Ligand code: NDP
Ligand code: ZN
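In this note's numbering, the protein residues as written are 1254 to 1611.
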């Protein structure tokens, strides 16, 4: 079968590889119906840092059709079209039973597809445990909506959840790519009053307003921490969600969050080596009462089925995030390069492989 693989830093190639075999009694083989490329795929191919495994199938954002199921799979059958979570924890691990499912047994173990297992940019791929991984798509939810649930929506909402938002809070969202936009939608749902969104590209700015931002700042026009402090009478935001930017945003987030109860919720990826700077002064010399969370997106079946319910009942519609649609597996290449280039009008891509009506 054809697969799109990471061959060397900065390089991807199409490769013929053997089709996956079920083998696993709880597992399933699937074939992608729709795919999307993630900023994390761009980091894998073009980012620095630790050397990544080469000749590895990329991709972890997918809606797919079940092609074959293992003998013990109960809830899914051949032909079902399902949402495949980007994060697929091993729910049988005892660490998962302790609430540590995204890092059970080893760091980042929940991020398997396209990382420690072959990813979804192929004609077929497999999951190890269908019943705890795959998500049923409810009636009325489109393929594109489901595709946006598997990673960006759950990640943005993870950011909002760890921001510990209380009704009426002022929340700052740094970064308004697809993840930050879903963090804005999440913050609004959790009760934020004022949402200060930080980004610059026109399409993202427009969508930030639609998802609920009350103020928009460009990080290209002055120091964002100073601006947020000015806008909040020197007090700072109750919560800051970091969903974009380089190492300096981590420091700026601590600068701009409130003393005594401020929460910084980071879902952003920091490439390379070294350290993130904790500012001594705005950090109260270690005594400011500011909390920092650093989180991988929540994943697995139950989580994605919750995201799909938010869509089904009209709470959040993530489909408008898709600004560029391609057709055919081959075009995943174009979609990935576009995700790297980030033109002014891009938020998120979709690659439709098999048009189905749910
Ligand atoms: P995008 O690259 O699409 O968006 C990044 C946003 O950050 C843009 O709005 C960009 O502004 C803004 N930005 C860039 N530089 C700065 C800066 N110096 N200060 C403030 N804002 C800045 O990314 P995604 O939305 O796809 O993903 C966001 C992050 O989340 C990435 O790091 C990604 O790897 C990570 N991620 C994490 C996951 C997790 O599990 N925790 C899962 C998925 C993604 P502009 O408008 O100018 O482009
Ligand atoms: Zn991703």
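Quick reminder that beta carbons are idealized off the backbone N, C-alpha and C, glycines included. Just so you know, these numbers come straight off a predicted model, no measurement behind them.
In the structure shown, what three-state DSSP assignment does residue i receive?
| i | result |
| --- | --- |
| residue 1349 | helix |
| residue 1364 | coil |
| residue 1369 | coil |
| residue 1592 | helix |
| residue 1506 | helix |
| residue 1278 | coil |
| residue 1485 | coil |
| residue 1264 | strand |
| residue 1529 | coil |
| residue 1511 | coil |
| residue 1477 | helix |
| residue 1582 | helix |
| residue 1557 | helix |
| residue 1538 | helix |
| residue 1681 | With the chain running from 1254 to 1611 in the structure shown, residue 1681 is simply not present. |
| residue 1609 | coil |
| residue 1294 | helix |
The ligand NDP and residue i: does the residue's C-beta get closer than 7 Å to at least one heavy atom of that ligand?
| i | result |
| --- | --- |
| residue 1356 | no |
| residue 1277 | no |
| residue 1255 | no |
| residue 1402 | no |
| residue 1392 | no |
| residue 1529 | no |
| residue 1431 | yes |
| residue 1291 | yes |
| residue 1459 | no |
| residue 1454 | yes |
| residue 1305 | no |
| residue 1288 | no |
| residue 1521 | yes |
| residue 1502 | yes |
Would you list the one or two residues that DSSP bridges to residue i?
| i | result |
| --- | --- |
| residue 1519 | 1495 and 1547 |
| residue 1255 | 1269 |
| residue 1378 | 1283 |
| residue 1288 | 1315 and 1604 |
| residue 1490 | 1510 |
| residue 1575 | 1601 |
Does any residue of chain B have a CB that is nearer than 8 Å to the CB of residue i?
| i | result |
| --- | --- |
| residue 1519 | Note that chain B does not occur in the displayed structure, where there is just one protein chain. |
Looking at the ligand ZN, does it come within less than 7 Å of residue i, judged from the CB to the closest heavy atom?
| i | result |
| --- | --- |
| residue 1389 | no |
| residue 1492 | no |
| residue 1314 | yes |
| residue 1445 | no |
| residue 1383 | no |
| residue 1317 | no |
| residue 1375 | no |
| residue 1336 | no |
| residue 1339 | yes |
Are there any heavy atoms of the ligand ATP lying less than 7 Å away from the beta-carbon of residue i, as far as the coordinates show?
| i | result |
| --- | --- |
| residue 1523 | Because the ligand ATP does not appear in the structure shown, any question about it cannot be addressed here, the ligands present being the ligand NDP and the ligand ZN. |
Discussion item. If we require 3 or more residues per run, which beta strand (DSSP E) segments fall completely within the region 1301-1349?
Written reply: 1314-1322 and 1334-1337
Q.
Give the list of continuous beta strand (DSSP E) stretches no shorter than 3 residues that lie fully inside the region 1384-1472.
A. 1423-1427, 1447-1451 and 1468-1470
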